[in-house]
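Enquirer: Numbering of the sequence shown is given in our numbering, commencing with residue 22 and proceeding in unit increments.
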Amino acid sequence: MVIKKFQGLFDSNTFLISDGSCSAVIDCGASAMDVLAAANGLGAPITHIFLTHGHVDHVAYVEALKAATGANVYLYAVEKTLYADDNQNGYKQFGLRRGDTYPLPDVLLRHNNTVPIGALTVKVLHTPGHTAGGMCLLVEDHLFTGDTLFRRSIGRYDLPTGNEKTLKESIQNILYTLPDATIVHPGHGEDTTIGEEKKENPYVTTQ
22 MVIKKFQGLF DSNTFLISDG SCSAVIDCGA SAMDVLAAAN GLGAPITHIF LTHGHVDHVA
82 YVEALKAATG ANVYLYAVEK TLYADDNQNG YKQFGLRRGD TYPLPDVLLR HNNTVPIGAL
142 TVKVLHTPGH TAGGMCLLVE DHLFTGDTLF RRSIGRYDLP TGNEKTLKES IQNILYTLPD
202 ATIVHPGHGE DTTIGEEKKE NPYVTTQ
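1. Excluding five sequence neighbours on each side, which residues of the same chain lie with their C-beta closer than 6 Å to the C-beta of E211?
2. Tell me whether the beta-carbon of Y95 lies closer than 9 Å to the beta-carbon of I70.
3. By the three-class DSSP mapping on this structure, what secondary structure does M54 have?
4. Just the C-alpha distance for Y197 and E217, rounded to the nearest angstrom, thanks.
5. Alpha carbon to alpha carbon, how far is A65 from F115?
6. Do you know whose CA, among L103, Y104, L129, L158, lies nearest L141's CA?
7. For a test of the three-state rule: what should DSSP assign to T35, helix, strand or coil?
8. How long is the line joining the alpha carbons of P207 and H147, rounded to whole angstroms?
9. Specify the secondary structure class of Y95 as computed by DSSP and reduced to three states.
10. Measuring CB to CB, does L164 end up less than 9 Å from I192?
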């Protein structure tokens, strides 16, 4: 599996994953042109767009990427309301506007759904707390955590549909049950592992 990372709006991370024949994008905060160029360089067209949650810094370029590729947009089912509501997702807060062709999700996901991407399989983990419909995506031994879990930190829970208790339970009961060697690719900041976070993250204990 090839993984490429791009820095986007508000220092968010956008990821391109590929099996060499096709690609998927995880979050759309970074320039669509940069992501498209990387996929073209691999000779692996983008066929799937996954949004870990609906905040503006993770979805800002979904319209451009959808228009350029025709790829299906995947979102957790509970997140559809926040994604569509500019009063909740940050667009109005930061004075940003969406285009008239802004796409609704093509596919609404549920916990433990699996989605094939060429030879790869993406497993959906519902991890509410940062938002009600936040999700993480497990691909082989790589976990893309959006704004649920960061290196030595966790996502905010003071925004619409967020909840501190729920977020910490998602991390403890779902993410921390994965193998310690699982590589974590967060929505902001640097990579880490599940084992490191279980030992070193000051916000969520394993007790």
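Where a beta carbon is used, it is the ideal one built from N, C-alpha and C, also for glycine.
Expert: Reading off the structure:
1. Locating residue 211 in the sequence shown gives position 190, counting from the first residue. Excluding positions up to five away in sequence, the list reads R172.
2. As a position in the sequence shown, residue 95 is number 74, starting the count at 1. As a position in the sequence shown, residue 70 is number 49, starting the count at 1. It is a contact, given that the beta carbons lie within the stated cut-off.
3. The residue labelled residue 54 in the question sits at position 33 within the sequence shown. DSSP places M54 in helix when its eight states are reduced to three.
4. For this step, residue 197 is matched to residue 176 along the sequence shown. For this step, residue 217 is matched to residue 196 along the sequence shown. Using only the alpha carbons, I get a separation of about 10 Å.
5. Position 44 of the sequence shown holds residue 65. Position 94 of the sequence shown holds residue 115. If I take the Cα positions, the gap works out to 34 Å.
6. Here residue 141 refers to the residue found at position 120 of the sequence shown. Among L103, Y104, L129, L158, the Cα nearest to that of L141 belongs to L158.
7. The residue labelled residue 35 in the question sits at position 14 within the sequence shown. Correct three-state label for T35: strand.
8. Counted from its first residue, the sequence shown places residue 207 at position 186. Counted from its first residue, the sequence shown places residue 147 at position 126. Near 15 Å, if we compare the C-alpha coordinates of H147 and P207.
9. One-based indexing of the sequence shown puts residue 95 at position 74. Y95 falls in the strand class under three-state DSSP.
10. Within the sequence shown, the letter at position 143 stands for residue 164. Within the sequence shown, the letter at position 171 stands for residue 192. Going by C-beta atoms, L164 is not nearer than 9 Å to I192.
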